[in-house]
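Below you'll find the structure, written out as structure tokens, and then a few comments.
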Amino acid sequence: MGDQVPPQDDASTDQHLTPNAIYTPLSKDEIRLAVLRGCSDHKEAISISLITSRWSPSQQYEALSYAWGDQAIREWIWVDSAPPRLCPVTQNLHAALQHLRRRDSDRVLWIDALCIDQANLEEKEQQVGRMDRIYQAARNVCVWLGPGTHESDSAMAAVPRLLGSIWNPSSHAYGGYDWELFARLLQRDWFSRRWVVQEIALAKEATVLCGNKEVSWDDFSDVISLYGSRQADAWSSTSASADARGLGASTLSFLAANALRKDGQGNILERRWSLEDLLALLPMFHAQKSHDAVYSVLSVTSDDNPFKCIDYSRPQTELFVEVFKRIADSSNSLDMMFRPWAPDTPGARLPSFIAPASRHPYIRDANGLYERRNADSLVGAPRRPIYAATRPPLASSPLLTLPVVARGWGSDIKSGAPHDSRDDSRTRSDYTLAAKGVFCCFISELSDVCENGVIPRSWLETWRQHQADGQMADLWRVLVAGRSRDGTAAPNWFRRAFASVFSPGESRDGSGLDLPAMLKTAPPSNMADFLRRVSSCVWGRRFLVSTEERAGYFGLVPREAAPGDRICLLEGCSVPVVFRGESI
């Protein structure tokens, strides 16, 4: 059994390589565990046994948390059965098993790719629904970041030194290099997986492994938190901000520490975050199936679980619309329309009140780096309103019929014209959201789009033209959406910062105001806070003015807005809404 290559001359090759041939059916109260056989020879083929047992939280095993990796590239392991069979696994899982394998003893693990018959949809739905208990009961969760390199070894070894910077921040002769290596480690795929939120938040104990190096999750998570601080930002050797580079890791670390309140034994005492909170925080995390945008976080939400079972055969739009309706019902608000959260699925068209994840401020590229692509949502964090465009909030739930006719195309602009909905649905189902509201005005003037944080000259000219009539007195407040960088009410000193930076109608070079370039000049920290906040609000948006005699409105609108679009106030929305179409 030392051969890791499929036997090419064996007449029973197909039998050897059929993955589902290694499985026997599970009853509803059973799970599988993988026994990784010990071996002193690192080159020897990996061998496991699959054992079936009734589920019990007292079972002794470890759970593996990892990124599957490229499923087109396969390695082979032996599964003890009668007869022994070869089983394909991804390269990343194969590397994890090699490093987890002990020399002289077996190791009992729960691994989703091996312990669930992935070809059996019924079993998969049952076992996925039990994963929260599996990870919570594991004596340890092994976080596998991937094979080691010289850089990753150095980054893992630097964790104790970086923790020491809490007490002695000036002792960082090589701190900048340590932080840079650690930043690169945070670009690994594990930090973008949707399911790791549940896996690490529920863990009683967790260990981070990268190649042959390992550290405790608690230490690793604390360094992530430090990296997201201003201290780490100042030490970074690149122009990219620490907040953006480590966005996925920082969000994960924050949720793992705060989503659940546990006792000393790791038992859950309280779930602190609603489904709305989690969906708003996690659009940058990916899953193989779009349904998992919802299913992967149900076990850590404070909401009563609205879904009786995991159902991957359910049309994704039907699932997402139900989620939206439940959030609107529980929050008494329609602000979820403007929080990007739903996965972008090729060929699928979502109703315009379901905001796609592609509108999230930051998008992760192929190298694991996060780059700003969009402005921050104007509605702010869930349940933390500092302004309401309409009062009171929803007196009753919005009218959301399931199913009816879809409207809109999934942008900030809501359309009254129906479109052809293409969904992987069992029944062709479209949806309409009906809500009460009032018409405010038409858009009369629109400035150019603020691309990449550079405020166009046309914005400055518009401000100059209208400042004489007093319309622009609160312009500074509009440019920061009434909030500071942390989501609280904008401090009054922002007004002074605005006055010192912006001279309406003028720019330093006649082309506009380049906010990112201004930040690179290392302004004082307070001014940097103001500039970052303005940049996060205006990025990719247009500036509007309504010149109607009874209106006199100005503000920020999506790049898709056009003259003639309507500005309306909807009950339950904390910000105005741009409408386009045949009816309101």
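Residue numbers for the sequence shown follow full-length UniProt numbering, so the first one is 1 and each next one is one higher. Cβ coordinates follow ideal geometry from the N, Cα and C atoms, glycine included.
> Enumerated in chain order, which unbroken segments of the beta strand (DSSP E) with a length of 3 residues or greater are wholly contained in the stretch 65 to 118?
Replying inline: Listed in chain order, they are 74 to 79, 85 to 90 and 107 to 110.
> Taking three-plus beta-carbon pairs below 8 Å as touching, is the stretch 215 to 228 in contact with the stretch 158 to 166?
Replying inline: Under the 8 Å Cβ criterion, the stretch 215 to 228 counts as touching the stretch 158 to 166, having at least three qualifying pairs.
> By how many angstroms is the C-alpha of Pro491 removed from the C-alpha of Leu475?
Replying inline: Cα to Cα, the separation comes out at about 14 Å.
> Residues in its own chain within less than 7 Å of Leu269 by CB, not counting five upstream and five downstream?
Replying inline: The answer, listed in chain order, is Arg261, Lys262 and Asp263.
> Can you round the beta-carbon distance between Leu109 and Leu26 to whole angstroms, since I take them to be within the 8 Å contact cut?
Replying inline: Incorrect: roughly 17 Å between the Cβ atoms, too far for contact.
> Using the rule of at least 16 other Cβ atoms within 10 Å of the residue's Cβ for burial, across every protein chain shown, is Val321 buried or exposed?
Replying inline: Answer is buried; the Cβ neighbour count reaches 16.
>> I need the straight-line Cα distance from Pro83 to Gln126, nearest angstrom please.
In response: Rounded to whole angstroms, the gap between the alpha carbons of Pro83 and Gln126 is 28 Å.
>> Applying the 10 Å Cβ sphere with the 16-neighbour rule, what's the burial state of Asn258?
In response: Flag for Asn258 reads exposed.
> Whole beta strand (DSSP E) runs in the stretch 347 to 374 with 3 or more residues, listed along the chain?
Replying inline: 362 to 364 and 370 to 372, all fully within the stretch 347 to 374.
> Looking only at DSSP bridge pairs, what is Glu451 linked to?
Replying inline: Val454.
> When you compare only the Cα positions, how much space is there between Ala355 and Leu519?
Replying inline: When rounded, the separation of the alpha-carbon atoms in Ala355 and Leu519 is 30 Å.
> Start and end of the beta strand (DSSP E) containing Val294?
Replying inline: Note, Val294: premise wrong, no beta strand (DSSP E); alpha helix (DSSP H) at Asp292 to Tyr295.
> If you draw a straight line from the C-alpha of Arg373 to the C-alpha of Arg193, how long is it?
Replying inline: Looking at the two C-alpha atoms, the distance is approximately 20 Å.
>> Give me, in chain order, the residues of the same chain whose beta-carbon lies closer than 8 Å to that of Gln288; leave out the 5 immediate sequence neighbours on both sides.
In response: Taken in chain order, the residues that qualify are Trp68.
> Below 8 Å between beta carbons: does that hold for Ala155 and Arg130?
Replying inline: No.
> Is Ser56 closer than 8 Å to Trp78 when the C-beta atoms are compared?
Replying inline: No, the pair does not count as a contact, with Cβ atoms beyond the cut-off.
> Can you tell which of Asp153, Arg271, Gly228 and Asp178 has its C-alpha closest to the C-alpha of Gln198?
Replying inline: Measuring C-alpha to C-alpha distances from Gln198 to each of Asp153, Arg271, Gly228 and Asp178 identifies Arg271 as the nearest.
> By the 10 Å Cβ neighbour count, where 16 or more other Cβ atoms means buried, how is Trp273 classified, buried or exposed?
Replying inline: By the C-beta density criterion, Trp273 is buried, having at least 16 other C-beta atoms within 10 angstroms.
>> Rounding to the nearest angstrom, what Cα-Cα distance links Phe182 and Ala206 in this structure?
In response: Ala206 has its alpha-carbon roughly 19 Å from the corresponding atom of Phe182.
> Which whole-angstrom value describes the C-beta separation of Gly211 and Ala381, a residue pair presumed to lie in contact below a C-beta threshold of 8 Å?
Replying inline: The Cβ separation is near 38 Å, so there is no contact.
> Quick one: is Thr301 buried, meaning 16 or more other Cβ sit within 10 Å of its Cβ, or exposed?
Replying inline: Answer is buried; the Cβ neighbour count reaches 16.
> For Leu334, does the three-state DSSP call read helix, strand or coil?
Replying inline: DSSP places Leu334 in coil when its eight states are reduced to three.
> Quick one, are the C-beta atoms of Trp378 and Ala481 less than 8 Å apart?
Replying inline: Checking the displayed sequence, the identity of residue 378 turns out to be Leu instead of Trp. Going by C-beta atoms, Leu378 is nearer than 8 Å to Ala481.
> For Ser546, which residues from the same chain have a beta carbon less than 6 Å from its beta carbon, with the 5 sequence-adjacent residues on both sides left out?
Replying inline: Excluding residues up to 5 positions away in sequence, Cys441, Ser444 and Tyr553 lie with their Cβ nearer than 6 Å to the Cβ of Ser546 in the same chain.
> Opposite Thr207 in the DSSP bridges: which residues?
Replying inline: Under DSSP, Thr207 forms a beta bridge with Cys142 and Ser216.
> Of all the options Trp76, Asp178, Arg101 and Asn92, which has the alpha carbon lying nearest to the alpha carbon of Cys39?
Replying inline: Residue Arg101 holds the alpha-carbon nearest to the alpha-carbon of Cys39 among Trp76, Asp178, Arg101 and Asn92.
> Out of Val578, Gly555, Gly572 and Asp277, which has the shortest C-alpha to C-alpha gap to Ala561?
Replying inline: Of the residues Val578, Gly555, Gly572 and Asp277, the one whose Cα lies closest to the Cα of Ala561 is Val578.
>> In whole angstroms, give me the CA-to-CA distance for Phe338 and Phe353.
In response: Looking at the two C-alpha atoms, the distance is approximately 8 Å.
>> Does the stretch 89 to 105 come into contact with the stretch 275 to 289, if we say contact requires no fewer than three beta-carbon pairs (one atom in each stretch) closer than 8 Å?
In response: At 8 Å Cβ cutoff, the stretches do not touch.
> Residue range of the beta strand (DSSP E) that Pro558 falls in?
Replying inline: Element bounds for Pro558: Phe554 to Pro558.
> Are the CB atoms of Glu62 and Arg139 nearer to each other than 8 Å?
Replying inline: Judged by their CB atoms, Glu62 and Arg139 are nearer to each other than the 8 Å cut-off.
>> Among the candidates His42, Thr52 and Glu44, whose CA atom is the shortest distance from the CA of Tyr23?
In response: Of all alpha-carbon atoms in His42, Thr52 and Glu44, the one lying nearest the alpha-carbon of Tyr23 is that of Thr52.
> My guess is that Ala375 and Gly540 are in contact by the Cβ rule of under 8 Å, so how many angstroms apart are they, rounded?
Replying inline: Contact holds; Cβ gap of about 5 Å.
> Apart from the five residues just before and just after Tyr135, which ones in its own chain have a Cβ nearer than 7 Å to its Cβ?
Replying inline: Ala63, Val141, Gln198, Glu199, Leu202 and Ala203, listed in sequence order.
> With which residues is Val577 paired in a DSSP beta bridge?
Replying inline: Secondary-structure assignment with DSSP links Val577 through a beta bridge to Cys568.
> On the three-state DSSP scale, how would you describe Cys441?
Replying inline: Three-state result, Cys441: strand.
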